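Here the sequence shown stands for residues 720 to 1015, where the numbers follow my numbering.
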Amino acid sequence: MSAAARSIPSTSTQSFEVRPFDAPLGAEIIGLDLTRPLSDEDFARLHRAHLDHALLVFREQRITPEQQIAFSSRFGPLQIHVLKQFLLADHPEIFIISNIVENGQPIGLGDAGKFWHSDLSYKEFPSLGSMLLAQELPEEGGDTLFASQQLAYETLPAELRQAIEGKRAAHSYTARYADEVFAGIRRPTLTEAQLAEVKAVVHPVVRTHPETGRKGLFVNENFTTHILDIPEDESRQILAELYAHSAKPEFIYRHQWQSHDMVFWDNRALIHLATGCPSHLRRRMHRTTIQGDVPF
């Protein structure tokens, strides 16, 4: 069932504005209250805006975990992160991203997003999109960068585009797992059961967006390990060139978080990067992740 077809009983419409950013992607939603049930008409308008802009910023959303889960679920089934210790108590659909340490233990994933990536590209069914809700923001830092991989593909040099035509690449959750350390704390060791949840998968280097038909790059420095059926050194060289091209400034929107922002981005079209903040400044975010389709 498509996202547009997922609906709940109709209710009254709200008056809100979709205001595009002066950037290569993204728009902010002004005047919408997600504590109220969305009408089918309003949901369809948001769905269209998300496809048009690839990223939506919902301002001033003082919503509960239940309301975030309910809204996210309108777009599709939700995915549960493999790091179960960072799931919100009684709400496993919500993954905590935070640098806060209590009693010597991190309450969330503190180093999330330190490499460019598309969420869950290492799964057979990668994420359609993610919703990240600001709970606690630092006084400085903490910005998130988003880069259009559709613009990146459309501006590839001809030789590089030809080199990746029809190619497929492997993605692994553990590709850079050992590199991800925050404030001296390494990510937790994965159990055999957790490793079984994140077996390596293969996806096209260039994917077609299932709803818009637009093509975009679908490799990233966090999870992609190699391109199949070519020599290892050639794979490394091509990936290095793709990574350098994919994060050019002209493809990027920089989100400077405001209190109670919720950002909803399209993992089928974008990669993102957390810029980080001083470790002594508290940051806590709640993420829901919507399951997508097998890339083609």
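The beta-carbon is built from N, C-alpha and C at its ideal position, and this holds for glycine as well. These numbers were taken from a predicted model, which means no experiment stands behind them.
State buried or exposed for residue i, treating a residue as buried only when at least 16 other CB atoms are found within 10 Å of its CB.
i                  : result
alanine 722        : Bear in mind that the predicted position of alanine 722 carries a pLDDT of just 48, short of 50, making it too unreliable to give a figure here.
lysine 918         : exposed
alanine 724        : Note that alanine 724 has pLDDT 46, beneath the 50 cutoff, so the model's placement of it is unreliable and the number below is only indicative. That one is exposed.
leucine 914        : exposed
serine 729         : Caution applies to serine 729, whose pLDDT of 49 falls short of 50 and renders its modelled position unreliable; the value that the coordinates give is listed next. Exposed.
arginine 755       : exposed
methionine 720     : Residue confidence is low: methionine 720 scores 46 on pLDDT, short of 50, so the model does not pin down where it sits. Its coordinate-derived value is still stated next. With fewer than 16 Cβ atoms within 10 Å of its Cβ, methionine 720 is classed as exposed.
phenylalanine 790  : buried
aspartate 952      : exposed
isoleucine 748     : buried
aspartate 980      : buried
phenylalanine 1015 : exposed
isoleucine 727     : Confidence in isoleucine 727 is poor, its pLDDT being 47 and thus under 50, which makes the residue's placement unreliable; the coordinate value appears in the next sentence. With fewer than 16 Cβ atoms within 10 Å of its Cβ, isoleucine 727 is classed as exposed.
glycine 795        : buried
threonine 943      : buried
alanine 877        : exposed
alanine 912        : exposed
Which whole-angstrom value is the C-beta distance of residue i and residue j, which I expect to be below 8 Å?
i              : j                 : result
asparagine 939 : arginine 895      : So it is not a contact: roughly 10 Å between Cβ atoms.
alanine 966    : alanine 866       : 5 Å
valine 776     : tyrosine 892      : In fact, because the Cβ distance is near 28 Å, the residues do not count as touching under 8 Å.
alanine 993    : lysine 833        : 6 Å
leucine 870    : phenylalanine 970 : 5 Å
leucine 797    : isoleucine 1009   : 6 Å
serine 840     : histidine 922     : 7 Å
serine 837     : proline 845       : 7 Å
Name the residue from the options whose alpha carbon lies nearest to the alpha carbon of residue i.
i              : options                             : result
alanine 889    : Gly935, Asp948, His928 and Lys833   : Asp948
isoleucine 788 : Ile813, Asn818 and Pro876           : Ile813
glutamate 858  : Arg793, Phe1015, Ser978 and Ile1009 : Ser978
valine 820     : Leu961, Val1013 and Leu1000         : Leu1000
lysine 886     : His928, Glu911, Ala912 and Phe937   : Phe937
serine 998     : Pro929, Glu951, Leu864 and Gly860   : Gly860
glutamate 779  : Pro876, Thr944, Phe735 and Glu911   : Phe735
serine 792     : Phe805, Arg973 and His766           : His766
valine 1013    : Arg926, Glu916 and Asp752           : Arg926
proline 968    : Pro825, Gln868 and Ile1009          : Gln868
tyrosine 872   : Ser954, Asp809 and His928           : His928
cysteine 996   : Arg764, Leu751, Asp830 and Lys803   : Asp830
arginine 906   : Thr943, Ser954, Lys803 and Asp809   : Lys803
proline 950    : Gly795, Ala882, Leu909 and Glu911   : Ala882
glutamate 916  : Asp809, Ile799 and Ala763           : Ile799
arginine 688   : Leu751, Leu774, Asn818 and Ser954   : Nothing can be reported for residue 688: it is not among the residues displayed for the chain, which extend from 720 to 1015.
glutamine 786  : Thr908, Arg764, Ala768 and His810   : His810
For residue i versus residue j, is the C-beta distance shorter than 7 Å?
i                 : j              : result
glycine 1011      : leucine 847    : yes
valine 924        : glutamate 843  : no
threonine 732     : aspartate 761  : yes
alanine 988       : glycine 932    : no
leucine 757       : proline 784    : no
aspartate 862     : arginine 973   : yes
tryptophan 835    : isoleucine 957 : no
phenylalanine 805 : glycine 827    : yes
leucine 879       : glutamate 960  : yes
leucine 770       : glutamate 884  : no
tryptophan 976    : leucine 856    : yes
Using beta carbons (cut-off 7 Å, strictly below), is residue i in contact with chain B?
i            : result
cysteine 996 : The structure shown has no chain B; it contains just one protein chain.
Could you tell me whether any non-hydrogen atom of the ligand GTP is closer than 6 Å to the CB of residue i?
i              : result
isoleucine 748 : Among the components modelled here there is no ligand, and therefore nothing to report on the ligand GTP.
Quick check: the stretch 851-861 against the stretch 969-988, are there 3 or more CB pairs under 8 Å?
A contact exists between the stretch 851-861 and the stretch 969-988.
Three or more C-beta pairs under 8 Å: does that hold for the stretch 810-824 against the stretch 991-1006?
Here the stretch 810-824 makes contact with the stretch 991-1006; the two share three or more CB pairs at distances below 8 Å.
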